[in-house]
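Below: the structure, in structure tokens.
There are 2 protein chains.
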Amino acid sequence: MKASTQTQDSQTSILDAAERAFADYGFDGASLRHIVEEAKANLATVYYHFGSKEGLMEAVFSRRFGPIHEEHFQMLRELETKYKGAAIPLEKLLEAMLMPPLRMATTPGKGETVMCLIGRVVTDPNPQVQELLRRQHRDVRTVYLDAFQRSVPRLPKADLLWRFEFVWGAFVFVLCNPSRIEKITGGVCHPSDTDALLSQMIAVFSAGFRAPAVSKSDRSPARPATRRNA
Amino acid sequence: MKASTQTQDSQTSILDAAERAFADYGFDGASLRHIVEEAKANLATVYYHFGSKEGLMEAVFSRRFGPIHEEHFQMLRELETKYKGAAIPLEKLLEAMLMPPLRMATTPGKGETVMCLIGRVVTDPNPQVQELLRRQHRDVRTVYLDAFQRSVPRLPKADLLWRFEFVWGAFVFVLCNPSRIEKITGGVCHPSDTDALLSQMIAVFSAGFRAPAVSKSDRSPARPATRRNA
DNA sequence: GTCTATAAGGAGATAGAC
DNA sequence: GTCTATCTCCTTATAGAC
């Protein structure tokens, strides 16, 4: 049980400082020198522990996304147990999907930083960054998408996929820059108001998923195409 | 009508290269040396025309956002003329709001770049960047928000503001990284399919705006607060 | 308006002592 | 594991010739 000199703390404080720096200045904009200064660590320590700047970013990601995804899976498992194979109500599904990141986002201190970082990587076109993000998110996405499909069985796949993206987009957009939202709404809306945000998201998108399909249906061909050159 | 030596072209090619570089690498990540190399211009030309790297970014913004906002205002004016003071249908309003950026987004060549850039600045927490963005977007936001309020008069202000943010979030999220969307949906969805994206957005968010209010109403106090410590 | 040359400093990464 | 010192390259920005 004897703690190793200071390794754990050194790694952790570097990760903390890196997380904040990547969120504030972006991956390119953040400098390792700035990070180690904030972390009261030595520059070479970064290379010893993480190999490179990119390795550091990957470590920053895994540390936060791992727990969030575990929560994601667990909440879905609980719903599936509860509804025993039957379709899960859209509202419950949305709540389960949004809760884990929302809990993270409203964790005092680190919450805003993590969400800001997510916003930045989501909008980073760098293929390396995109691939990193995709790997982290793929499994969660798959299982939730399946669950949504079962909950809205008559919605064509294309409609489902579009709407699924809309949910994440709206969510990330609101959470990644909470002070902007508060300022622009004159203080009426603030993402730290978990209840308000969650209930608005559920209200809007449960209605959105239930809205009539608009794509050429691939499941219930009740509405044949009216134009040939759509 | 005599064209000045090559000034116009020099400025334009620098703006083009800068736009792409800022989108690809972010404001910090993009270097002026890279930009002038792409533009086949000289490094000092940037300082002559734009004063600094930041001045260049501001010029990049104004060039694209100016026309988009003009379109925004014009489309709204046309709707207001057509409906002569009466509430504009949600679907028409959404279409008018989404069309100008969508047209820009699907302009061959520059479209993807511009949207990618928007995605990056929207998620940039730098107060300077946020202020720049806010100034550019403020007026359009105000007039459309007013129009939406008139179209959904019974929706409390808080609900309206939340949902308005959701629309922009979903829209930007989808448009700023179209290749990601295409890849992740297995090719089923692509943002360049203007008709599909627009009709999905209208379907989802017209239903979303019409969904029952969830905030404590400030207009139609039909549902008094049940909890005092909400 | 456009160029070269250069100032002045910051970047990621590594070698090697301890 | 942690440190100092350093390599090499790139950055924004400017001065001044043409």
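Keeping their order, the protein sequence lines are chains A and B. In my numbering, each residue carries its 1-based index in the first sequence increased by 722. In my numbering, each residue carries its 1-based index in the second sequence increased by 722. For each residue, glycine too, the CB sits at the ideal point set by N, CA and C. Predicted, not measured: the structure shown is a model, and the values here were computed from it.
Quiz item: On the three-state DSSP scale, how would you describe residue 767 (chain A)?
Solution: If DSSP states are grouped into helix, strand and coil, residue 767 (chain A) belongs with the helices.
Quiz item: Would residue 861 (chain B) count as contacting chain A if we go by Cβ distances under 8 Å?
Solution: Against chain A, the CB of residue 861 (chain B) has no partner CB under 8 Å away; the residue lies outside that interface.
Exercise. Leaving out five residues on either side along the sequence, give the residues of the same chain with a beta carbon under 7 Å from the beta carbon of residue 835 (chain B).
Key: For residue 835 (chain B), where only same-chain residues beyond five positions count, the Cβ hits under 7 Å are 741, 742 and 745.
Quiz item: Looking only at its own chain, which residues have a Cβ that is under 7 Å from the Cβ of residue 787 (chain A), when we skip the five neighbours before and after it?
Solution: Counting only Cβ-Cβ distances below 7 Å, and skipping sequence neighbours, we find 858.
Quiz item: Pick from A:759, A:910, A:896 and A:877: whose alpha carbon is nearest that of residue 827 (chain A)?
Solution: Restricting attention to A:759, A:910, A:896 and A:877, the CA atom closest to the CA of residue 827 (chain A) is found in A:896.
Exercise. For residue 754 (chain A), I'd like the list of residues in its chain whose CB is within less than 7 Å of its CB, leaving aside the five on either flank, ordered along the chain.
Key: Excluding residues within five positions, the ones whose Cβ falls inside 7 Å are 765, 768 and 775.
Exercise. Taking only beta carbons into account, state which residues of the segment 866-882 of chain A come closer than 8 Å to chain B, listed in chain order.
Key: Result list: 879, 880 and 881.
Self-check item: Where residue 822 (chain B) sits in the DSSP three-state scheme
Solution: Looking at residue 822 (chain B) - three-state DSSP - the assignment turns out to be helix.
Quiz item: Would you report the Cα separation of residue 738 (chain B) and residue 888 (chain A), rounded to the nearest angstrom?
Solution: When the Cα atoms are used, residue 738 (chain B) and residue 888 (chain A) turn out to be separated by approximately 30 Å.
Quiz item: Would residue 902 (chain A) count as contacting chain B if we go by Cβ distances under 8 Å?
Solution: Taking Cβ atoms only, chain B reaches closer than 8 Å to residue 902 (chain A), which makes this a yes.
Exercise. Measure the C-alpha to C-alpha separation of residue 908 (chain B) and residue 864 (chain A) and round it to an integer number of angstroms.
Key: C-alpha separation (whole angstroms): 12 Å.
Quiz item: If the cut is a Cβ gap below 7 Å, which residues of chain B does residue 921 (chain A) touch?
Solution: Going along chain B in sequence order, the residues near residue 921 (chain A) (Cβ under 7 Å) are 936.
Quiz prompt | With 16 other Cβ atoms within 10 Å as the buried cut-off, status of residue 915 (chain B) | solution = Classification for residue 915 (chain B): buried.
Practice problem: Please determine, among A:862, A:938 and A:841, the residue with the shortest C-alpha to C-alpha distance to residue 880 (chain A). | Solution: Comparing Cα-Cα distances from residue 880 (chain A) to each of A:862, A:938 and A:841, the minimum goes to A:938.
Exercise. Anything in chain B within Cβ reach of residue 751 (chain A), meaning under 8 Å, just list it in chain order.
Key: Contacts between residue 751 (chain A) and chain B, judged by CB atoms closer than 8 Å, involve 748, 749, 750 and 751 in chain order.
Quiz item: At least one CB of chain A closer than 8 Å to the CB of residue 809 (chain B): is that the case?
Solution: Any Cβ of chain A closer than 8 Å to the Cβ of residue 809 (chain B) would place that residue at the interface, and such an atom is absent.
Quiz item: Can you tell me the Cα-Cα spacing of residue 945 (chain A) and residue 847 (chain A), whole angstroms?
Solution: Caution is warranted here: a pLDDT of 49 is assigned to residue 945 (chain A), below 50, making its placement in the model unreliable, and the coordinate value is therefore given only provisionally. So the two alpha carbons sit approximately 38 Å from each other.
Quiz item: Buried or exposed: residue 807 (chain A), going by 16 or more other Cβ atoms within 10 Å of its Cβ?
Solution: So residue 807 (chain A) counts as exposed.
Quiz item: Using a Cβ-Cβ cut-off of 6 Å (strictly less than) and excluding sequence neighbours within five positions of residue 874 (chain B), which residues of its own chain qualify?
Solution: A distance below 6 Å between beta-carbons, with the five flanking residues on each side excluded, links residue 874 (chain B) to the following residues of its chain, in chain order: 931.
Quiz item: Quick one: what's got a C-beta closer than 7 Å to residue 924 (chain A)'s C-beta in the same chain, skipping five residues either side?
Solution: So the list reads 813, 816 and 817, once near-sequence residues are dropped.
Quiz item: Should residue 885 (chain A) go down as buried or exposed, given a rule of 16 or more other Cβ atoms within 10 Å for buried?
Solution: By the neighbour-count criterion, in which 16 or more other beta carbons inside 10 Å mark a residue as buried, residue 885 (chain A) falls on the buried side.
Quiz prompt | Residue interval of the alpha helix (DSSP H) (run including residue 859 (chain A)) | solution = DSSP places residue 859 (chain A) in the uninterrupted alpha helix (DSSP H) bounded by 849-873.
Quiz item: Near residue 748 (chain B), what residues of its chain come up, given a Cβ to Cβ distance below 6 Å and the 5 sequence neighbours on each side ignored?
Solution: Within the same chain, 842 come within 6 Å of residue 748 (chain B) by CB-CB distance, once the 5 residues on both sides are set aside.
Exercise. Would you mind telling me which residues of chain B sit closer than 9 Å to residue 827 (chain A), beta carbon to beta carbon, in chain order?
Key: By Cβ distance, chain B contributes nothing, its closest Cβ being about 14 Å from residue 827 (chain A), past 9 Å.
Exercise. Output, in sequence order along the chain, the residues in the segment 825-859 of chain A whose CB is closer than 8 Å to any CB in chain B.
Key: Of all residues in the segment 825-859 of chain A, 838, 841, 842, 844, 845, 846, 847, 848, 852 and 856 have a Cβ within less than 8 Å of some Cβ in chain B.
Quiz prompt | Beta-carbon neighbours of residue 896 (chain A), restricted to chain B and to distances below 9 Å | solution = Residues of chain B passing the Cβ test: 884, 887, 888 and 891.
Exercise. Grab me the residues of residue 837 (chain B)'s own chain with a C-beta within less than 7 Å of its C-beta, minus the 5 sequence neighbours each way, in chain order.
Key: These residues qualify, in order along the chain: 827, 897 and 898.
Quiz item: Is there at least one Cβ from chain B nearer than 8 Å to residue 787 (chain A)'s Cβ?
Solution: No, residue 787 (chain A) does not count as interfacial toward chain B.
Quiz item: From which residue to which residue does the alpha helix (DSSP H) around residue 756 (chain B) run?
Solution: Per DSSP, residue 756 (chain B) belongs to the alpha helix (DSSP H) from 754-760.
Quiz item: Is DSSP giving residue 935 (chain B) helix, strand or coil here?
Solution: Looking at residue 935 (chain B) - three-state DSSP - the assignment turns out to be coil, as it is neither helix nor strand.
Quiz item: Just curious, the alpha helix (DSSP H) that residue 789 (chain B) is in, first and last residue?
Solution: Note, residue 789 (chain B): alpha helix (DSSP H), 775-805.
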